[in-house]
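Below, the structure is given as structure tokens:
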């Protein structure tokens with residue numbers, strides 16, 4: 001199994017590119033848990049939510065890894081959770097970085113928002 005991670009700032013095309021890669025090459029696509037979390041909670045996140053969001057993202061990733069697809073495409077991963085937490089709240093639980101470092105990925109694509117129209121996605 002090859003694991004591909006897309007990362008980058010909001011509205012840089014991660015979700016679009018993830019879907020295009022899946023359409024072209026197949027594989028299993030894991031979306032952003034934080035979107036699901038916000039939809040379920042019906043509110044913006046706060047620092048107390050960061051552990052639940054990270055745990056949810058890991059659970060989705062782990063479930064997908066368990067399916068053992070030839071290609072696993074991650075629309076985001078714990079690095080994005082860490083960066084958002086530090087940017088928005090000035091801190092991030094240390095265990096999230098430890099979890100990130102304990103996981104293996106084959107390829108990271110870092111996307112830039114240059115030349116891409118910003119679209120609010122929630």
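Numbering (full-length UniProt numbering), first residue to last: 1 to 122.
Note that the Cβ used here is the ideal one computed from N, Cα and C, for glycine as well.
Alpha-carbon spacing of residue i relative to residue j, whole angstroms
i	j	result
residue 111	residue 49	26 angstroms
residue 79	residue 46	17 angstroms
residue 106	residue 3	5 angstroms
residue 74	residue 88	23 angstroms
residue 27	residue 8	21 angstroms
residue 64	residue 100	16 angstroms
residue 86	residue 15	22 angstroms
residue 71	residue 1	6 angstroms
Assigned secondary structure, residue i (DSSP; H/G/I helix, E/B strand, else coil)
i	result
residue 107	strand
Cβ contact (3+ pairs, closer than 8 angstroms) linking the stretch 40-47 and the stretch 16-25 = Fewer than three pairs of CB atoms, one per stretch, sit closer than 8 angstroms, so the stretch 40-47 makes no contact with the stretch 16-25.
Runs of beta strand (DSSP E) lying entirely within the stretch 4-88, each at least 3 residues, in chain order | Under the rule that a run must span 3 or more residues, the beta strand (DSSP E) segments found entirely inside the stretch 4-88 read 28-30 and 71-74.
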